[in-house]
Each structure stands twice: as C-alpha cells, then as structure tokens.
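To start, the structure itself, in structure tokens.
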Amino acid sequence: MKKRTWKVIAVISFAAAVILTAVVLRIYTQREHARQTYEEMQQQNSEKRQTDTQESKEQSKTKEKKKKLDIPVDFETLQKENPDIYAWITIPGTDIDYPVVQDSTDNTYYLNHAADTSLSDSGAIYSEKENAKDFDDYLTVLYGHNMKDGSMFAGLHKYEDKTFLKDHKDLTIYTPDSILKYRIFAAYLTDNRHVLMYYNQGKDEESRETYLKDILEQRNMNASIDTKAKVDKDSKILTLSTCHAAGKNYRYLVQAYLVKEEHE
25 MKKRTWKVIA VISFAAAVIL TAVVLRIYTQ REHARQTYEE MQQQNSEKRQ TDTQESKEQS
85 KTKEKKKKLD IPVDFETLQK ENPDIYAWIT IPGTDIDYPV VQDSTDNTYY LNHAADTSLS
145 DSGAIYSEKE NAKDFDDYLT VLYGHNMKDG SMFAGLHKYE DKTFLKDHKD LTIYTPDSIL
205 KYRIFAAYLT DNRHVLMYYN QGKDEESRET YLKDILEQRN MNASIDTKAK VDKDSKILTL
265 STCHAAGKNY RYLVQAYLVK EEHE
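Per this note's numbering, the sequence shown starts with residue 25, numbered consecutively.
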C-alpha cells in the first residue's frame with residue numbers, strides 16, 4: 025500500500041515538474057521574443073538616424089529652404105507591423121527607448137502583449153484610449169511594467185535617487201509628425217488610483233490645480249520633487265506609471281511637463 029502511495033506521489037510530482045518547466049519555458053520564450061522585437065525596432069531607428077543625418081547634410085549643401093523635421097523613428101515600418109504604434113519614448117540615462125501603443129477598445133490588451141501584438145508578460149509601453157494620441161491632453165499617462173531584467177519602465181526607478189533627477193530631467197516623445205520635449209519634475213511612490221479618472225482627465229481648471237497641488241505637496245520622504253520647476257495648471261503633464269516592490273496597491277510615478285514642441 026505504501027509503495028503504491030509513493031508511486032502516486034512520484035507520478036504527481038513528476039507531472040507537476042513537467043508543467044512548471046513548460047510554464048517557465050513559455051515565459052522565457054515570450055520574454056526573449058519581446059526583447060528581440062524591441063531590439064529590432066531600436067535598430068531600425070538607429071539606421072534611420074544615420075540616413076536622416078546624411079540627408080540633412082545633403083540638404084545643407086543644396087541650401088534647401090524647407091527642411092523636414094528630423095524624426096529619428098521609422099514609423100512607416102513600425103505601423104505596418106502594428107497600426108497601434110503611434111509614438112516613441114526615449115529617456116537619456118535609462119534604457120527606456122520604446123514604441124508607445126494604444127488599443128482602441130481594450131485598455132488592458134498591452135499589459136500582456138508586446139508592441140508587435142505577440143503574447144508577452146513584458147507587455148508594452150501604452151496609453152489608454154481616453155488619452156489623445158497627439159499628446160495634446162493636459163494629463164497624459166503612459167504605463168509600463170517594472171521588469172526584473174531592467175526592461176520596459178524598470179528604468180523609472182532610477183529616479184528614486186534624487187541626484188539622478190538633477191542630472192536627467194529631459195525626455196522626448198516622437199510621433200509621426202512631431203517632436204515633444206518634456207522636463208521631469210517629480211518622481212514618487214503613491215497609491216494605485218487611476219490618475220485620469222481621479223482628476224477628471226484634467227478637463228477643467230480645478231482638477232488640474234488639484235492634480236498639480238497633489239504632486240508638489242508629496243509627503244513621501246523618498247519623493248524627488250523639483251519645486252523650482254516652471255509648471256502650472258496650464259502645463260501639459262506627462263505621467264509615467266509603473267509597479268513597485270511595495271506591492272500591487274502602489275505605483276511609482278515619474279512626471280514631466282511639456283517645454284517644447286515641433287510639428288511638421
């Protein structure tokens with residue numbers, strides 16, 4: 025009887041081990057595919073930057089009056105792969121250099137799908153359908169996972185070091201026809217409230233004033249706040265949101281305001 029019991033236990037244990045191995049392998053395969061996908065997209069941009077630089081030199085030689093805006097992102101190729109790709113974010117000093125996506129019907133789709141729509145627990149950098157794709161809203165929120173391998177929005181946690189904020193205040197958003205420059209002024213741990221809903225998407229002056237007041241008056245000891253930032257209720261604020269080791273009820277936010285925009 026004991027031998028039979030041990031055989032059953034052994035079979036169950038073996039089956040569990042096989043299932044666990046399969047799950048781990050699936051997750052690894054998905055992450056590796058996502059990593060390669062994003063590297064390929066970044067490489068495409070690198071090649072476009074080189075091409076644009078050469079074209080810029082040629083334009084300079086011919087003294088053309090009209091110069092095309094130098095957008096170093098190959099949106100034509102990216103959008104052929106996935107029309108949901110509508111922007112690109114890059115933050116110097118971090119590994120954040122990714123396409124930005126938005127699903128028109130499901131705000132949770134890119135929680136577990138990469139920018140090429142493949143299944144991946146790394147997800148993508150994305151906004152919700154309530155936000156305009158031209159970043160013209162007063163409040164825009166981009167979401168990304170805090171991956172242990174340092175990818176996606178894990179780099180935001182560098183701003184927990186207050187000296188890092190002093191030296192790395194700039195970030196850039198590219199769209200197919202614009203370059204948007206932002207200045208980072210706040211980084212802190214907060215609860216997981218839905219920012220857009222909580223502050224009425226910044227649609228009225230009162231909600232924008234409350235939003236800015238709540239940011240600048242953060243009580244978190246580890247908050248990094250630039251109190252001298254030239255930001256006010258009429259500023260267009262970009263919030264970057266990711267998870268934190270403190271738990272599922274918390275989010276780490278990095279916030280910036282628009283300082284310069286160029287359009288074609």
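Just so it is clear, CB atoms sit at the ideal spot from N, CA and C, and this is done for glycine as well.
Write down every uninterrupted run of the beta strand (DSSP E) in the region 193-229 whose length is 3 residues or greater and which is fully enclosed by it, in chain order.
-> 194-199, 202-215
Closest Cα partner of TYR235 within the set THR132, GLN66, TYR281 = TYR281
Alpha carbon of MET176 to alpha carbon of GLU229, nearest angstrom = 33 angstroms
DSSP-derived helix/strand/coil call for LEU180 | helix
Which residues mark the beginning and the end of the alpha helix (DSSP H) in which GLN103 is found?
-> 99-105
Neighbour-count burial assignment, TYR274, 16 or more Cβ in a 10 Å radius = exposed
Nearest-angstrom Cα separation, counted from LYS237 out to TYR162 = 15 angstroms
Option in LYS104, ILE113, ASN106 with minimal Cα separation from ILE95 = ILE113
From the DSSP output, read off the bridge partner residues of ALA111.
-> VAL124
Starting from the Cα of ASP98, find the closest Cα among GLU152, THR118, TYR150, TYR198 and give me that residue.
-> TYR198
For ASN155, which residues from the same chain have a beta carbon less than 6 angstroms from its beta carbon, with the 5 sequence-adjacent residues on both sides left out?
-> ASP161, THR164
What do you reckon, are the CB atoms on PRO123 and MET65 nearer than 8 angstroms?
-> yes
Same chain only: Cβ atoms within 8 angstroms of VAL47, ignoring 5 sequence neighbours per side = With a pLDDT of 49 at VAL47, under the threshold of 50, the predicted position of this residue should be treated as unreliable, though the coordinate-derived value follows. Contacts found: none.
From LEU166 to LYS157, what does the alpha carbon distance come to, in whole angstroms?
-> 11 angstroms
Helix, strand or coil: which one does DSSP assign to GLN279?
-> strand
Leaving out the 5 sequence neighbours to the left and right, which residues in its chain are closer than 6 angstroms to ILE120 when beta-carbon positions are compared?
-> GLY179
Look up GLU64 in the DSSP assignment and say whether it is helix, strand or coil.
-> helix
Selection from ASP108, GLU288, THR214, ARG232 that minimises the alpha carbon distance to SER248 | THR214
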